[in-house]
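Asks: Could you have a look at this structure, given as structure tokens, before my questions?
Number of protein chains: 2
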Amino acid sequence: MTTSADLSPETAVLDCLERWAAAVRAKDVEAIVAHYTPDIVAFDAILQLQFKGLEAYRRHWDACMALCAGPMAFQIHEEVIHVDGNVAFCHGLIECGGANERGEIDTGWLRATIGLRRIEGEWRIVHEHHSAPFDMTSRQALLDLTP
Amino acid sequence: MTTSADLSPETAVLDCLERWAAAVRAKDVEAIVAHYTPDIVAFDAILQLQFKGLEAYRRHWDACMALCAGPMAFQIHEEVIHVDGNVAFCHGLIECGGANERGEIDTGWLRATIGLRRIEGEWRIVHEHHSAPFDMTSRQALLDLTP
Numbered sequence: 029m030t031t032s033a034d035l036s037p038e039t040a041v042l043d044c045l046e047r048w049a050a051a052v053r054a055k056d057v058e059a060i061v062a063h064y065t066p067d068i069v070a071f072d073a074i075l076q077l078q079f080k081g082l083e084a085y086r087r088h089w090d091a092c093m094a095l096c097a098g099p100m101a102f103q104i105h106e107e108v109i110h111v112d113g114n115v116a117f118c119h120g121l122i123e124c125g126g127a128n129e130r131g132e133i134d135t136g137w138l139r140a141t142i143g144l145r146r147i148e149g150e151w152r153i154v155h156e157h158h159s160a161p162f163d164m165t166s167r168q169a170l171l172d173l174t175p
Numbered sequence: 029m030t031t032s033a034d035l036s037p038e039t040a041v042l043d044c045l046e047r048w049a050a051a052v053r054a055k056d057v058e059a060i061v062a063h064y065t066p067d068i069v070a071f072d073a074i075l076q077l078q079f080k081g082l083e084a085y086r087r088h089w090d091a092c093m094a095l096c097a098g099p100m101a102f103q104i105h106e107e108v109i110h111v112d113g114n115v116a117f118c119h120g121l122i123e124c125g126g127a128n129e130r131g132e133i134d135t136g137w138l139r140a141t142i143g144l145r146r147i148e149g150e151w152r153i154v155h156e157h158h159s160a161p162f163d164m165t166s167r168q169a170l171l172d173l174t175p
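If you read the protein sequences in the order shown, they are chains A and B.
One gets the numbering used here by counting positions in the first sequence from 1 and adding 28 to each.
One gets the numbering used here by counting positions in the second sequence from 1 and adding 28 to each.
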């Protein structure tokens, strides 16, 4: 059996993030928040400047999942991981979306930066930053950009 | 004389970020980009999904500075720094803005996450992520939020 102690640091971090992304696709909020530390500070793409602490961010995930009917896309691309000792961060693009009225999945692209600490041998997410850029003139979020 | 080798790791990272922020306030693009590695990947608040590499991001900074007349505000708040060995990341809120037609500085708040590596003893920025959240219904960037 392969345990996280056998993996390279980058692979162990990516393994944590892939399990987190799978929990998002499964819309399993308990499995999502199991990756977070109690003092997580999250900058999500929508609604508020920040969510401070696990309970505030869990309520936000609950609200987000209530908005999404049907299957969900949530895939990390172009990920780059920097890790040394017990601190790591990863940046990448996330292709995400949900089913439209015809049952087809419409996706768009967001940017993600995720900060982690290794605590008692396990990688945990201490910070997330998700966003779309906006247009300076119209102030509209640019949700149709592709890499 | 205090050198970066004498500082705690967190203080050395914050010192790098405060010098970077001072370069932004001074609108000194050469001093800004002196903090970056050649392979920086930047997710800025406006325009594009990402800027890959120092030259692409330098051109973006040049274009941004051309838009800003008069004095500029750019102050990091609520910063949290995680560092181990030669890798660090920092998240915080940036109060930024420029002069309006009456010469007064109007500011707003953005979120920032900055990833760094220590290379030959000096901290360098390898990744930046700046953003405003947006409203799901109107798709408008939420530029009037305050902490």
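Even for Gly, the Cβ is constructed at its ideal location relative to N, Cα and C.
Is R139 (chain A) closer than 8 Å to Q78 (chain B) when the C-beta atoms are compared?
Replies: Within the second sequence, residue 78 (chain B) is the residue found at index 50, counting from 1. Within the first sequence, residue 139 (chain A) is the residue found at index 111, counting from 1. Going by C-beta atoms, Q78 (chain B) is nearer than 8 Å to R139 (chain A).
Asks: Measuring alpha carbon to alpha carbon, tell me which of B:P175, B:D112, B:E129 ends up nearest G8 (chain B).
Replies: This structure cannot speak to residue 8 (chain B), because chain B is shown only from 29 to 175.
Asks: Tell me the DSSP secondary structure of H88 (chain B) in three-state form.
Replies: Taking the first residue of the second sequence as position 1, residue 88 (chain B) is located at position 60. Residue state, collapsed to three classes: helix.
Asks: Look at the Cβ atom of P175 (chain B), then the Cβ atom of L121 (chain B), and state whether they are nearer than 8 Å.
Replies: Working through the second sequence from its first residue, we reach residue 175 (chain B) at position 147. Working through the second sequence from its first residue, we reach residue 121 (chain B) at position 93. Yes, Cβ-Cβ distance for P175 (chain B) and L121 (chain B) is below 8 Å.
Asks: Considering D43 (chain A), what are the terminal residues of the alpha helix (DSSP H) in which it resides?
Replies: Sequence index remark: in the first sequence, residue 43 (chain A) carries index 15 (1-based). From DSSP, the alpha helix (DSSP H) with D43 (chain A) extends over 37-53.
Asks: Contact criterion: CB-CB distance below 8 Å. Does M69 (chain B) meet it with respect to chain A?
Replies: Within the second sequence, residue 69 (chain B) is the residue found at index 41, counting from 1. The sequence shown places Val at residue 69 (chain B), not Met. With 8 Å as the cut-off, V69 (chain B) counts as an interface residue toward chain A.
Asks: Under 8 Å between the Cβ atoms of W151 (chain A) and C44 (chain A)?
Replies: Indexing the first sequence from 1 puts residue 151 (chain A) at position 123. Indexing the first sequence from 1 puts residue 44 (chain A) at position 16. In terms of Cβ geometry, W151 (chain A) and C44 (chain A) form a close pair [threshold 8 Å].
Asks: Just the chain A side, please: which residues come within less than 7 Å of R167 (chain B) by C-beta, in chain order?
Replies: To locate residue 167 (chain B), count along the second sequence from 1; it is residue 139. Under the 7 Å cutoff, chain A gives Q168, A169, L171.
Asks: Let me see if you follow: with CB-CB separation under 8 Å, is H181 (chain B) close to chain A or not?
Replies: Look at the range of chain B in this structure, 29 to 175, and you will see that residue 181 (chain B) is not part of it.
Asks: Using three-state DSSP, classify E83 (chain B) as helix, strand or coil.
Replies: What you label residue 83 (chain B) is simply residue 55 of the second sequence in a count that begins at 1. E83 (chain B) falls in the helix class under three-state DSSP.
Asks: Decide if the region 52-64 of chain A is in contact with the region 78-92 of chain B; the criterion is three or more beta carbon pairs, one per stretch, under 8 Å apart.
Replies: no
Asks: Have a look at A:A127, A:E46, A:H155 and flag the residue whose alpha-carbon is nearest the alpha-carbon of Q103 (chain A).
Replies: Counting from one through the first sequence, the residue named residue 103 (chain A) turns up at place 75. Of the listed residues, the one whose Cα sits closest to Q103 (chain A) is A:E46.
Asks: Return the residues of the region 66-100 of chain A that lie within a Cβ-Cβ distance of less than 8 Å from chain B, sorted by chain order.
Replies: Against chain B - using a Cβ distance shorter than 8 Å - the residues of the region 66-100 of chain A are V69, F71, D72, A73, I74, L75, Q76, L77, Q78, L95.
Asks: Hey, is H110 (chain B)'s beta-carbon within less than 8 Å of any beta-carbon in chain A?
Replies: Along the second sequence, one-based indexing puts residue 110 (chain B) at 82. H110 (chain B) counts as touching chain A.
Asks: Quick check on this structure: which residue in A:C96, A:E106, A:G143 has the alpha carbon closest to the alpha carbon of V69 (chain A)?
Replies: The residue given as residue 69 (chain A) occupies position 41 in the first sequence. Answer by Cα proximity: A:G143.
Asks: Suppose the cutoff is 7 Å on Cβ atoms and the five residues either side in sequence are ignored; what does the same chain contact list for I109 (chain A) look like?
Replies: Here residue 109 (chain A) refers to the residue found at position 81 when the first sequence is read from its first residue. So the qualifying residues of the chain are E38, V41, L42, A116, C118.
Asks: Which whole-angstrom value describes the C-beta separation of H157 (chain B) and H157 (chain A), a residue pair presumed to lie in contact below a C-beta threshold of 8 Å?
Replies: Position 129 of the second sequence, counted from the start, is the residue given in the question as residue 157 (chain B). Position 129 of the first sequence, counted from the start, is the residue given in the question as residue 157 (chain A). With 8 Å as the limit, H157 (chain B) and H157 (chain A) qualify as a contact, their Cβ atoms being about 5 Å apart.
Asks: Beta-carbon of H63 (chain A) versus every beta-carbon of chain B: anything under 8 Å?
Replies: By 1-based counting over the first sequence, the position of residue 63 (chain A) is 35. Cβ-Cβ to chain B under 8 Å: no for H63 (chain A).
Asks: Compare the C-beta of N128 (chain A) with all C-beta atoms of chain B and state if any pair is closer than 8 Å.
Replies: Against the first sequence, residue 128 (chain A) aligns to sequence position 100. It does not: the Cβ of N128 (chain A) has no partner Cβ on chain B nearer than 8 Å.
Asks: Would you kindly work out how many angstroms separate the C-alpha atoms of T135 (chain A) and A127 (chain A), rounded to a whole number?
Replies: Translated into the one-based positions of the first sequence, residue 135 (chain A) becomes position 107. Translated into the one-based positions of the first sequence, residue 127 (chain A) becomes position 99. T135 (chain A) and A127 (chain A) have their C-alpha atoms some 9 Å from each other.
Asks: By alpha-carbon positions, which one of A:A73, A:A59, A:A84, A:H105 ends up nearest to P66 (chain A)?
Replies: Reading the first sequence from its first residue, position 38 is the one you call residue 66 (chain A). P66 (chain A) has its Cα closest to that of A:A84, out of A:A73, A:A59, A:A84, A:H105.
Asks: Under the three-state reduction of DSSP, which class applies to D34 (chain B): helix, strand or coil?
Replies: Translated into positions along the second sequence, residue 34 (chain B) becomes position 6. Here D34 (chain B) sits in helix by DSSP.
Asks: Check whether chain A comes within 8 Å of L42 (chain B), counting only Cβ atoms and requiring the distance to be less than that.
Replies: As a first step, residue 42 (chain B) must be located in the second sequence, where it is residue number 14. No, L42 (chain B) does not count as interfacial toward chain A.
Asks: Using a threshold of 8 Å, state whether the C-beta atoms of M93 (chain A) and V57 (chain A) are closer than that.
Replies: Locating residue 93 (chain A) in the first sequence gives position 65, counting from the first residue. Locating residue 57 (chain A) in the first sequence gives position 29, counting from the first residue. A contact, by the Cβ cut-off of 8 Å.
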